[in-house]
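Chemist:
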Amino acid sequence: MIADDRVLREDFVPSEVVHRHDEVSHLSETLEPLLSGGRPDPAFLFGPTGVGKTCIARYVLAQLCEQEPRVRVAYVNCWQKYTRFRVLYSILEAVGRAADVHRSTPKDELFERLSRTDDGPIVVVLDEVDQLEETAALYDLHRLPHVSPVLIANREVELFASFDDRVRSRLHAGTRVRFDRYGTDELAAILAERAAKALEPASVSDSQLRAIADAASGDARVGIGILRSAARRAERQGSASITDDVLEAAIPDARTAIRRKTVEGLIEHQRVLYDVIDEAGEIEPGDLYAEYERRVEEPKTNRTLRNYLTKMVHYDLIEAVGERRGRTYRLVDDPGGAEGES
121 MIADDRVLRE DFVPSEVVHR HDEVSHLSET LEPLLSGGRP DPAFLFGPTG VGKTCIARYV
181 LAQLCEQEPR VRVAYVNCWQ KYTRFRVLYS ILEAVGRAAD VHRSTPKDEL FERLSRTDDG
241 PIVVVLDEVD QLEETAALYD LHRLPHVSPV LIANREVELF ASFDDRVRSR LHAGTRVRFD
301 RYGTDELAAI LAERAAKALE PASVSDSQLR AIADAASGDA RVGIGILRSA ARRAERQGSA
361 SITDDVLEAA IPDARTAIRR KTVEGLIEHQ RVLYDVIDEA GEIEPGDLYA EYERRVEEPK
421 TNRTLRNYLT KMVHYDLIEA VGERRGRTYR LVDDPGGAEG ES
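Numbers 121 to 462, taken from our numbering, label the letters of the sequence shown in order.
1. So, do the segment 358-369 and the segment 415-434 have three or more beta carbon pairs nearer to each other than 8 Å?
2. Which residue or residues does DSSP assign as beta-bridge partners of Asp-247?
3. CB Ala-123 to CB Glu-320, shorter than 8 Å?
4. Measuring alpha carbon to alpha carbon, tell me which of Ala-257, Pro-162, Ala-177 ends up nearest Arg-206.
5. Under three-state DSSP, which class holds Tyr-202?
6. Would you list, in sequence order, the uninterrupted beta strand (DSSP E) runs of no fewer than 3 residues that lie entirely inside the segment 394-446?
7. Taking 6 Å as the limit between beta carbons, can you name the residues of its chain near Ala-312, skipping five residues before and five after?
8. Would you kindly work out how many angstroms separate the C-alpha atoms of Gln-251 and Ser-337, rounded to a whole number?
9. Counting C-beta neighbours from all protein chains within 10 Å, is the total for Phe-166 16 or more, i.e. buried, or is it exposed?
10. So, with DSSP's three-state summary, where would you put Pro-269?
11. Looking only at C-alpha atoms, which of Glu-229, Thr-237, Ala-163, Gly-442 sits nearest to Val-245?
12. If you draw a straight line from the C-alpha of Asp-305 to the C-alpha of Ile-371, how long is it?
13. Measuring CA to CA, which of His-146, Gly-172, Ile-176, Glu-188 is closest to Leu-155?
14. Among Phe-132, Ala-177, Arg-391, Leu-347, which residue has its Cα nearest to the Cα of Leu-451?
15. Mark Glu-417 as exposed unless 16 or more other C-beta atoms lie within 10 angstroms of its C-beta, in which case mark it buried.
16. Pull up the distance between the alpha-carbon of Asp-436 and that of Arg-286, whole angstroms please.
17. According to the Cβ coordinates, are Thr-150 and Pro-134 closer than 8 Å?
18. Looking at the structure shown, is Thr-169 part of a helix, part of a strand, or coil, going by DSSP?
19. Here's the rule I'm using: 16 or more other beta-carbon atoms within 10 Å means buried, otherwise exposed. How should Lys-381 be labelled?
20. Could you tell me the distance, in whole angstroms, from the CA atom of Val-433 to the CA atom of Tyr-394?
21. In the DSSP assignment, what residue or residues form a beta bridge with Arg-450?
22. By the 10 Å Cβ neighbour count, where 16 or more other Cβ atoms means buried, how is Arg-415 classified, buried or exposed?
23. Just curious, the alpha helix (DSSP H) that Thr-382 is in, first and last residue?
24. Sorted by chain position, which residues of the same chain lie with C-beta nearer than 6 Å to Lys-227's C-beta, five sequence neighbours on each side aside?
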């Protein structure tokens, strides 16, 4: 049934995009100075999870590199690369200049190396940029005239609140590209495009694609995950098409798989917070911070912990119940139980 599994992966970038033409045009226009030797303003891509921010960034930059091969692209996921050292190293690695760099290499030396990569423009995509613990990396990029940052985050207010004054003042004038949730019709059309490329003909019906889009609530990541899970289940059963029973089972199955992957991607301090909430069932911030501090050797500031918690709320791992003074945190129920997608 599955003709091309790559198309059902989260990081697949289609040759044509559906229902994001305005956002593509806006980002393309922002980066256009690169085609004539100029430096564009920083670009910010804001919106909820699963609305195509990363996909559109990759798509637009692939188009740009076709027009101007001198442009080099460094993609950095700040969920994993959240320090100044890791960001600078990732960029150097992407442009082939990370040889002989060790963990003991001073960060200023990494910056100096990056400053010498000025034989062509570099676009640095910082995905999940609100996960950065050291915004000094953003100041580094601003100081280099051949480097152009594209910053991806959920919400502008929360992102800029995490910046120090030096970074905030330099990035405030950047271009904003805003992404809204997909409607059911839009997400169904995206899924139809994926299904046409990934699956054998007649593997899934239009009504089933619409049911997937409805269940995904505007999150393309969830929708594609459900389609992938359903196709794999049907294939394991030797079926020529996705049945309604298979689809019904795939919906919680896919959500569990996405949740598990997200939890596995949490950095150490986020995972401690998650585990404390899990064990408590429901917990107030003060008690949560106190237990967190008891479990780690070098605790982060309360401000950093609030950022971690906000991010986990965005990713539907936890939910914040009540207003500020009476707020508590608890896990979001896992609809798929412990099974998950294999």
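Heads up, the beta-carbon is just placed ideally off N, CA and C, and yes, glycines get one too.
Modeler: Here's the rundown:
1. no
2. Stepping through the sequence shown from its first residue, residue 247 is reached at position 127. DSSP lists Asn-197 as partners of Asp-247.
3. Against the sequence shown, residue 123 aligns to sequence position 3. Against the sequence shown, residue 320 aligns to sequence position 200. Yes, they are a contact pair.
4. In the sequence shown, the residue the question calls residue 206 occupies position 86. Of Ala-257, Pro-162, Ala-177, the residue nearest in Cα terms is Ala-257.
5. Walking along the sequence shown from the start, residue 202 turns up at place 82. DSSP places Tyr-202 in coil when its eight states are reduced to three.
6. 438-441
7. Residue mapping note: residue 312 aligns to position 192 of the sequence shown, counting from 1. These residues qualify, in order along the chain: Leu-329.
8. On the sequence shown, position 131 is the one that residue 251 refers to. On the sequence shown, position 217 is the one that residue 337 refers to. Distance between the alpha carbons of Gln-251 and Ser-337: 25 Å.
9. Position 46 of the sequence shown, counting from 1, holds the residue named residue 166. It counts as buried.
10. Working through the sequence shown from its first residue, we reach residue 269 at position 149. Three-state DSSP puts Pro-269 in a strand.
11. Indexing the sequence shown from 1 puts residue 245 at position 125. It is Ala-163 whose Cα lies nearest to the Cα of Val-245.
12. One-based indexing of the sequence shown puts residue 305 at position 185. One-based indexing of the sequence shown puts residue 371 at position 251. Asp-305 and Ile-371: Cα-Cα distance of roughly 18 Å.
13. Along the sequence shown, one-based indexing puts residue 155 at 35. When only C-alpha atoms are compared, the closest one is Glu-188.
14. Within the sequence shown, the letter at position 331 stands for residue 451. For the residues Phe-132, Ala-177, Arg-391, Leu-347, the minimum Cα distance to Leu-451 belongs to Arg-391.
15. Start at 1 with the first residue of the sequence shown, and residue 417 comes out as number 297. With fewer than 16 other Cβ atoms within 10 Å, it is exposed.
16. For the purposes of this step, residue 436 is taken as the residue at position 316 of the sequence shown. For the purposes of this step, residue 286 is taken as the residue at position 166 of the sequence shown. If I take the Cα positions, the gap works out to 32 Å.
17. Within the sequence shown, residue 150 is the residue found at index 30, counting from 1. Within the sequence shown, residue 134 is the residue found at index 14, counting from 1. Contact: no.
18. Start at 1 with the first residue of the sequence shown, and residue 169 comes out as number 49. Correct three-state label for Thr-169: coil.
19. Taking the first residue of the sequence shown as 1, we reach residue 381 at position 261. It is exposed - the Cβ of Lys-381 has fewer than 16 other Cβ atoms within 10 Å.
20. If you number the sequence shown from 1, residue 433 lands on position 313. If you number the sequence shown from 1, residue 394 lands on position 274. One C-alpha to the other measures close to 11 Å.
21. Taking the first residue of the sequence shown as 1, we reach residue 450 at position 330. According to DSSP, which records beta bridges pairwise, Arg-450 is partnered with Glu-439.
22. As a position in the sequence shown, residue 415 is number 295, starting the count at 1. It is exposed - the Cβ of Arg-415 has fewer than 16 other Cβ atoms within 10 Å.
23. Looking up residue 382 in the sequence shown gives position 262. Taken as a continuous stretch (DSSP letters only), the alpha helix (DSSP H) holding Thr-382 covers 364-384.
24. For the purposes of this step, residue 227 is taken as residue 107 along the sequence shown, with counting starting at 1. Hits under 6 Å: Arg-204, Phe-205.
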